[in-house]
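Note sheet for the following structure.
Residue numbers (our numbering), protein chains in the order written: chain R, 32 to 137; chain C, 11 to 191.
So, in structure tokens, the structure goes:
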């Protein structure tokens, strides 16, 4: 079998995105540091972006890339607000884990 | 060649992602995240999304990860987190099962609908030597004509996020905050 003739199809990209999404899910559930949980959410967002772009190329539709553009902007805004919340929590206790945030519940 | 690019970029993405969830130092996790984001950018280029690849590197690797590192250093939480103990019983095995389940269900759906995905269209102009900015032109035409309202709303969203963060993290006058770090 000649490796040079094998071309990655759209499904390869989608499977990679699914695996990346799964890794991000595990990270959000396992890690306790809120910063690292945030990074895992970024992993999941990137998995979705990857499948958007792969399908955009596959279906010849530029709107998939437009959606990724908006996801990028919203992700940036989300990180700014999230890190602001984390900073104001960690200012009080620098070793706070996600469990300590349960004081927020009513 | 395309296969080679895909395999290398996929290895970068997966190694970085595993690094994010297994390194116990938050700084190392953030740097692993950079590896993943660069791999994703390479895959964007492989899919003819050149503008998004550039934005991915500038915004994610350049701004968001730097913001993460900044917060880590600022708050002094860069000491290693102890990952060897498991505070909730059976949390990790359950999380692993759920994660593999989610990925498995998605992969099953992809495999099931594989025939519909085999056709690779040609409607998106890929960049050539004569027309190097075809992707940018198409994307901007889409954003500034079909989605111009959403684009404007995005700028409002960014403004609200910035103002909200400043108001939220500002120390009020006379408020005493004990510094433990």
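For glycine and all other residues, C-beta sits at the position ideal for the given N, C-alpha and C.
Just so we're clear, the structure is a prediction, and the values are computed from it rather than from any experiment.
At the level of alpha carbons, what is the spacing between residue i and residue j?
i	j	result
residue 79 of chain R	residue 45 of chain R	9 Å
residue 21 of chain R	residue 158 of chain C	The structure shown does not extend to residue 21 of chain R, since chain R is modelled only from 32 to 137, so the question has no answer here.
residue 73 of chain C	residue 66 of chain C	10 Å
residue 79 of chain C	residue 160 of chain C	31 Å
residue 125 of chain C	residue 40 of chain R	11 Å
residue 77 of chain C	residue 33 of chain C	19 Å
residue 162 of chain C	residue 93 of chain R	19 Å
residue 15 of chain C	residue 52 of chain C	8 Å
residue 178 of chain C	residue 124 of chain R	17 Å
residue 45 of chain C	residue 141 of chain C	30 Å
residue 175 of chain C	residue 51 of chain R	30 Å
residue 156 of chain C	residue 102 of chain R	16 Å
residue 115 of chain R	residue 55 of chain C	33 Å
With respect to the alpha helix (DSSP H) encompassing residue i, which residues constitute its N-terminal and C-terminal limits?
i	result
residue 109 of chain R	94 to 123
residue 44 of chain R	41 to 61
residue 116 of chain C	101 to 122
residue 68 of chain C	Careful: residue 68 of chain C lies outside any alpha helix (DSSP H) and carries neither H nor E.
residue 65 of chain R	65 to 90
residue 146 of chain C	144 to 151
residue 133 of chain R	Taken as a continuous stretch (DSSP letters only), residue 133 of chain R belongs to no alpha helix (DSSP H), as it is neither H nor E.
residue 22 of chain C	12 to 32
Give a yes or no on whether 8 Å exceeds the smallest Cβ distance from residue i to chain R.
i	result
residue 30 of chain C	yes
residue 64 of chain C	no
residue 103 of chain C	no
residue 77 of chain C	yes
residue 54 of chain C	yes
residue 83 of chain C	no
residue 178 of chain C	yes
residue 155 of chain C	no
residue 71 of chain C	no
residue 116 of chain C	yes
Mind checking if residue i is an interface residue toward chain C, Cβ cutoff 8 Å exclusive?
i	result
residue 112 of chain R	yes
residue 108 of chain R	yes
residue 119 of chain R	yes
residue 133 of chain R	no
residue 79 of chain R	no
residue 129 of chain R	no
residue 72 of chain R	no
Give the secondary structure of residue i by DSSP, where H, G and I count as helix, E and B as strand, and everything else as coil.
i	result
residue 5 of chain C	As displayed, chain C neither begins before 11 nor continues past 191, which places residue 5 of chain C out of reach and without an answer.
residue 97 of chain C	coil
residue 74 of chain C	helix
residue 38 of chain R	coil
residue 86 of chain C	coil
residue 156 of chain C	helix
residue 125 of chain C	helix
residue 59 of chain C	coil
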